[in-house]
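Report on the structure given below.
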Amino acid sequence: MQTVQRIIKSYRRRRVIVCALVALFVFVLTLIFRFISERNLNHHRVSAFTHHAVYTLERLMLPLVAARNELMPLVGTPCNDIHPQLRELAASLQTVRSIALIRSGTLYCSSIFGQRDVPIHQLHPDLPVSVPIMMLTTDQSLLKNRPILIMWSPTQDDGRSGVMIAVNIELLSNLMLEPQVPLITSVSLSVHGKHLVEGKGVIDSLPPLANEKRYQRTSTLFPFTISVTGPGASRLALQHLPSQLPLALMLGLLSGVIAWFATASRMSFSREINLGLNGHEFELFCQPLLNAHSRECVGVEILLRWFNPRQGWISPEVFIPIAEEQHLIAPLTRYVVNETQRQLSLFPNDPDFHIGMNAAPSHLRHGELLNDLTQLWFNKHPTQQLTIELTERDALQDVEAAMVHELRRKGAKIAIDDFGTGNSSLSWLEKLHPDILKIDKSFTGAIGTDAVNSTVTDMIIALGKRLNIELVAEGVETTQQAHYLRQQGVQTLQGYLFAAPMPVKDFPAWLAGRTSPPSERHNEHVAPLMP
Ligand code: C2E
Ligand code: CA
Ligand code: CA
Numbered sequence: 007m008q009t010v011q012r013i014i015k016s017y018r019r020r021r022v023i024v025c026a027l028v029a030l031f032v033f034v035l036t037l038i039f040r041f042i043s044e045r046n047l048n049h050h051r052v053s054a055f056t057h058h059a060v061y062t063l064e065r066l067m068l069p070l071v072a073a074r075n076e077l078m079p080l081v082g083t084p085c086n087d088i089h090p091q092l093r094e095l096a097a098s099l100q101t102v103r104s105i106a107l108i109r110s111g112t113l114y115c116s117s118i119f120g121q122r123d124v125p126i127h128q129l130h131p132d133l134p135v136s137v138p139i140m141m142l143t144t145d146q147s148l149l150k151n152r153p154i155l156i157m158w159s160p161t162q163d164d165g166r167s168g169v170m171i172a173v174n175i176e177l178l179s180n181l182m183l184e185p186q187v188p189l190i191t192s193v194s195l196s197v198h199g200k201h202l203v204e205g206k207g208v209i210d211s212l213p214p215l216a217n218e219k220r221y222q223r224t225s226t227l228f229p230f231t232i233s234v235t236g237p238g239a240s241r242l243a244l245q246h247l248p249s250q251l252p253l254a255l256m257l258g259l260l261s262g263v264i265a266w267f268a269t270a271s272r273m274s275f276s277r278e279i280n281l282g283l284n285g286h287e288f289e290l291f292c293q294p295l296l297n298a299h300s301r302e303c304v305g306v307e308i309l310l311r312w313f314n315p316r317q318g319w320i321s322p323e324v325f326i327p328i329a330e331e332q333h334l335i336a337p338l339t340r341y342v343v344n345e346t347q348r349q350l351s352l353f354p355n356d357p358d359f360h361i362g363m364n365a366a367p368s369h370l371r372h373g374e375l376l377n378d379l380t381q382l383w384f385n386k387h388p389t390q391q392l393t394i395e396l397t398e399r400d401a402l403q404d405v406e407a408a409m410v411h412e413l414r415r416k417g418a419k420i421a422i423d424d425f426g427t428g429n430s431s432l433s434w435l436e437k438l439h440p441d442i443l444k445i446d447k448s449f450t451g452a453i454g455t456d457a458v459n460s461t462v463t464d465m466i467i468a469l470g471k472r473l474n475i476e477l478v479a480e481g482v483e484t485t486q487q488a489h490y491l492r493q494q495g496v497q498t499l500q501g502y503l504f505a506a507p508m509p510v511k512d513f514p515a516w517l518a519g520r521t522s523p524p525s526e527r528h529n530e531h532v533a534p535l536m537p
């Protein structure tokens, strides 16, 4: 059985699932986003680091080139003449350890030692060469085995004479090659197949990579390369991911909450009702009302039916209370009035024929029902008698009572539906002076079985008679009930005993088929034809 709770619960469950998925999506997206931005930042940091190292070294080397250019024409000049200039130059270039002049393969003048006579290949086996080169090596003269960077510039084509500048690269490397843990765990300067690694001195080959990544940048001005190794931008970003969890969780939760509010109207039963109205999923049924004595059909009550293609048949007992709660009852009633008006030709063209429509008291507010009925019903001047059935769910406000009087002035009859089941019955009687009291099917069903409720039935009937209000009993299912009600003076009967609610288009055939009033032979319950 469909219950309001079950339907609302299923909508809530779906909404919770959607919101949880949104939260999860945002959570994962935040982590991915943070991972990518952290990885890019790491890339950028490594690139900036190598760029800075290359740039710094280039800036330090450029004055050496100027010094070398200055000295090149002076190779061959006697050492005594040139030595003061050499010393001055070496002193002015802070990074330079020594400047030496080589003539025909012999180092004959050094900024530190002055005049010398040492074959250059004894100090550096790779020298002299005919092309300018830079090389990393270790000092063999002054500071033994300390790394130095040699800049060799030959002056002649045979390459046996030239200028040799030794750079104090160890000092530089302490400044430039300092790693930045954890991103950069080691830095090296590679020149001509040799590598100066911070803390390891000059080595022949770079240490093999153990689960690490290497980034390199080569100078465009000088033949050297700066290499850095580290865990890699991605791995480091991944290691940092747990620190992003609080942010991801917060954003996930926030978007879940936003989704919860955003889906309030979209993923609700009220949206389903709106879709149903737009898709014409509602159908009008009608149930005949019979004169208790003549059994003549004196009218119908219009009852809404909803076949929802997504959920199947939904009982009005389910959707009407929700529609009332969600302020959707007015559009539903407008739909009923409009459709009934459109299909009026299916009912007898008789001013005594009653067409009963259910309306919610909340629709009376601000004159809304009055406006709607004026526009959709009274202005079309139908022949049949309109009866508005009001269910007493809440206490009636004075302004609503005024609207009811206005409705009656316009020609509608007022029935109090389900009379006796609410808690304001008597005040309603006093305020509305209704034309009709509808005895609820629960009281009809109690006739002959339930002593307390059948007493209430008798009291309602007595009240109606006393106040001269017409009585209609709904839910008449047995001949015994019909007989009793007729005897008590109830003028109109409605129930499965005579006819179950039927699609309005079937009503003419039902009416035509009733050549004689239905017998009251059967005492048993009659099953409804439709849901
Ligand atoms: P109601 O106005 O009291 O309508 C009578 C209900 O009793 C209908 O249920 C009808 O099908 C059912 N009924 C008729 N004869 C018998 C019978 O012999 N035995 C039994 N057990 N039941 C019988 P339904 O159509 O399911 O409607 C339920 C309620 O939904 C209605 O109660 C009414 O309050 C509301 N409703 C239905 N259509 C509309 C509508 O268009 N507008 C509004 N505002 N409410 C509606
Ligand atoms: Ca009714
Ligand atoms: Ca009822």
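Going by the working numbering, the residue at position 195 of the sequence shown is 201; the numbering climbs one at a time, nothing skipped. Even for Gly, the Cβ is constructed at its ideal location relative to N, Cα and C.
- Counting along the chain, Asn180 sits inside the alpha helix (DSSP H) bounded by residues Ile175 to Met182.
- Ranked by Cα distance from Pro322, the first of Ile475, Asn297, Phe288 and Ser351 is Phe288.
- Residue state for Leu477 is assigned as strand, using DSSP reduced to three classes.
- For Ala488, no beta strand (DSSP E) encloses it; the enclosing alpha helix (DSSP H) starts and ends at Thr485 to Gln494.
- DSSP places Met78 in no beta strand (DSSP E); its state is neither H nor E.
- Taking the Cα of Ile23 as reference, the smallest distance to any Cα among Asp164, Thr269 and Leu70 is reached at Thr269.
- The three-state secondary structure of Asp123, taken from DSSP, is strand.
- DSSP places Asp423 within a strand segment (E or B) once states are collapsed to three.
- For ligand 1, a non-hydrogen atom lies closer than 6 Å to the CB of Ala366.
- Set against 6 Å, the gap from the CB of Glu278 to the closest heavy atom of ligand 3 is not smaller.
- Comparing alpha-carbon positions, the option among Thr346, Gln317 and Val462 lying closest to Tyr17 turns out to be Gln317.
- With respect to the 7 Å criterion, Ile126 and Pro134 are classified as neighbours on the basis of their beta carbons.
- In the structure shown, Asn355 adopts coil according to DSSP, grouped into three states.
- When DSSP states are grouped into helix, strand and coil, Gly236 belongs to the strand group.
- Between Asp123 and Gly168, the alpha-carbon positions lie close to 15 Å from each other.
- Going by DSSP, His201 is part of the beta strand (DSSP E) stretching over Lys200 to Val203.
- 7 Å or more divides the Cβ of Val71 from the Cβ of Leu107.
- In this structure, Glu480 has its CB closer than 6 Å to one or more heavy atoms of ligand 3.
- Of the candidates Ile335, Leu350 and His130, the residue whose Cα lies closest to the Cα of Asn364 is Ile335.
- Distances from the CB of Asp423 to the heavy atoms of ligand 1 include at least one below 6 Å.
- Here Asp163 has Ser136 as same chain residues with Cβ atoms under 7 Å from its own Cβ, once five neighbours each way along the sequence are excluded.
- Taking a contact to require three or more Cβ pairs closer than 8 Å, the segment 275-283 and the segment 35-43 do not qualify as touching.
- By alpha-carbon distance to Ser233, the top candidate from Gln222, Gln128, Ala239 and Ser240 is Gln222.
- In chain order, Leu382 place their CB closer than 7 Å to the CB of Asn344, counting only its own chain and leaving out the 5 sequence neighbours on each side.
- In this structure, Ile445 sits near Ala479, with a CB-CB distance shorter than 7 Å.
- Below 8 Å, too few C-beta pairs join the segment 86-93 and the segment 52-67 to call them touching: fewer than three.
- Of the residues Leu113, Leu178, Leu396 and Val342, the one whose Cα lies closest to the Cα of Ser368 is Leu396.
- In the DSSP assignment, Trp158 falls within the beta strand (DSSP E) that extends over Pro153 to Pro160.
- Going by DSSP, Trp516 is part of the alpha helix (DSSP H) stretching over Phe513 to Gly519.
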